[in-house]
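Chemist:
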């Protein structure tokens, strides 16, 4: 059985929604003409895949008004690299569009060894000029390290009880959970350097971390100088041993080289496309619960014993991605009017959930432009939405197109008086085009044949003719 997945907003019936109606009509046509059944993942499958993204470090939660919160997805570097280079079955035009949205950050990833443990925590740092003064590292609430802690307080900011080594000084740095650390940049773990970063400084003052300096605005500063924080990516090294007195850019380069020689770091270019919220979650009563959320782990479950009752509204992009990965449909239909800005998120979700082999052919329906006076629901307008232009092109409904379809519908009325058994049938080409989902070419071929039939008095095969019309969504004459 052939299947297809949909990414579209529900058609509301408003005249301004002709673009959405085009998508709805095309989906219905594909079901009729190609016997391709629409499929959709359920909440249980969606919840399972949110949990997967969370475990991979690609999701964090943001508080909203009224006690609600959202699950925000940040595409992985691996997904960005793949979808900005090549996407199986998708056009180069889409890949080029995604490529333009990629944001890049140059830096290095350093592995920080945990004290009294075999594991290490990776941090991505873009500016190493002041890192001899780092006093701690911070990870996001659902980082793999915190998820493995035996004792986790119910808080957004706390000391984990663990320490890592500063690779430059050998000093021990405390490991904290911080609500301002997000997984969609770097590794989801950051160096805390209060004297040289405003966010770090605010955090240090809030929880009581030391504020140490590695840079000073004054070129001649020494270990006795008293800089005022924060000193941001400028100045000269101070209290940094052999680096003292050197300008910040040089300190950055030499520090990275030291870490590379020691084998504790690797150069990294962090490439990401912007993420988006993939679910809105609201607390509710057990009677109205769709799922249950475990705030300790951040995971969603179907079992009431696993968490708090919540109602969840998954985004269109996420549902389409989950459906694609779960059901592997023959194609994925996307309404371009709502996906022009975030087609990259859809592609990244498919990759992060199912890998490159999860991609399927994409039908991207473009928008509709119509300034005529014919009312929405008019059969000519509806047919124009389906057969007026190829799906991937913008459909401009002009008077000439409406006149052509009016002529076609008039021909249907005339032929209705000559329907019978064993009459002349529409060309086989029409049926073949319909079976391939090509409504535009099928209509053109049928229209040319119909004009010839109107001009003579032959009997028209009722079964074959009405079957073709019904596949195009034309009400029987």
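In the numbering used here, the protein residues as written are 6 to 482.
All C-beta atoms, glycine included, are put in the ideal place defined by N, C-alpha and C.
This one's a predicted model, so the numbers in the text were calculated from it and none came from an experiment.
Given a cut-off of 8 angstroms on the beta-carbon distance, is the pair residue 111 and residue 90 in contact?
Modeler: No, the Cβ-Cβ distance between residue 111 and residue 90 is not below 8 angstroms.
Chemist: For residue 464, collect the residues of the same chain with a Cβ closer than 6 angstroms to its Cβ; drop the 5 residues on either side in sequence, then sort them by chain order.
Modeler: 423, 425 and 428
Chemist: Between residue 289 and residue 316, is the Cβ-Cβ spacing less than 8 angstroms?
Modeler: yes
Chemist: Return the CA-CA distance between residue 306 and residue 282, expressed in angstroms with no decimal places.
Modeler: 19 angstroms
Chemist: If we ignore side chains and look at the alpha-carbon of each, how far apart do residue 388 and residue 367 end up?
Modeler: When only Cα atoms are considered, residue 388 and residue 367 end up about 23 angstroms apart.
Chemist: Return the residue from the list 75, 181 and 431 that minimises the CA-CA distance to residue 169.
Modeler: Minimum Cα distance to residue 169 is reached at 181.
Chemist: Identify the continuous beta strand (DSSP E) that holds residue 316 and give its terminal residues.
Modeler: 313-319
Chemist: Short check: CB of residue 435 to CB of residue 394, under 8 angstroms?
Modeler: no
Chemist: At which residues does the beta strand (DSSP E) containing residue 108 begin and terminate?
Modeler: 108-118
Chemist: Whole angstroms are fine: how far does the CA of residue 119 sit from the CA of residue 167?
Modeler: 7 angstroms
Chemist: Looking at residue 165: is its Cβ nearer than 8 angstroms to the Cβ of residue 174?
Modeler: no
Chemist: Check this for me: beta carbons of residue 301 and residue 157, under 8 angstroms apart or not?
Modeler: Their beta carbons are under 8 angstroms apart, which means residue 301 touches residue 157 by this criterion.
Chemist: Note down the Cα distance separating residue 243 from residue 279, rounded to an integer number of angstroms.
Modeler: When the Cα atoms are used, residue 243 and residue 279 turn out to be separated by approximately 37 angstroms.
Chemist: Is the region 18-38 in contact with the region 361-381, if contact means three or more CB pairs nearer than 8 angstroms?
Modeler: yes
Chemist: Could you give the distance in angstroms between the alpha-carbon of residue 161 and the alpha-carbon of residue 183?
Modeler: 6 angstroms
Chemist: Can you grab the Cα-Cα spacing for the pair residue 286 / residue 154, in whole Å?
Modeler: 25 angstroms
Chemist: What is the DSSP secondary structure of residue 340, reduced to helix, strand or coil?
Modeler: strand
Chemist: Report the partner residues of residue 178 according to the DSSP bridge assignment.
Modeler: 169
Chemist: In whole angstroms, what is the alpha-carbon distance linking residue 58 and residue 68?
Modeler: 19 angstroms
Chemist: Assuming residue 23 and residue 338 form a contact by the criterion Cβ under 8 angstroms, report the distance between their Cβ atoms to the nearest whole angstrom.
Modeler: Actually they do not touch by this definition, with Cβ atoms about 17 angstroms apart.
Chemist: Since residue 352 and residue 92 should fall inside the 8 angstroms C-beta cutoff, what is the C-beta to C-beta distance between them, to a whole number of angstroms?
Modeler: 6 angstroms
Chemist: Let me know the alpha helix (DSSP H) ranges lying completely inside the region 363-392, each 4 residues or longer, listed in chain order.
Modeler: Every alpha helix (DSSP H) stretch that sits fully inside the region 363-392 and reaches 4 residues is listed by chain position as 384-392.
Chemist: Under the three-state reduction of DSSP, which class applies to residue 412: helix, strand or coil?
Modeler: Of the three classes helix, strand and coil, the one that applies to residue 412 here is helix, per DSSP.
Chemist: Compare the C-alpha of residue 355 against each of 330, 391 and 340 and name the closest.
Modeler: Ranking 330, 391 and 340 by Cα distance to residue 355 puts 330 first.
Chemist: Alpha carbon to alpha carbon, how far is residue 204 from residue 216?
Modeler: 13 angstroms
Chemist: Looking at the structure shown, is residue 333 part of a helix, part of a strand, or coil, going by DSSP?
Modeler: DSSP places residue 333 in coil when its eight states are reduced to three.
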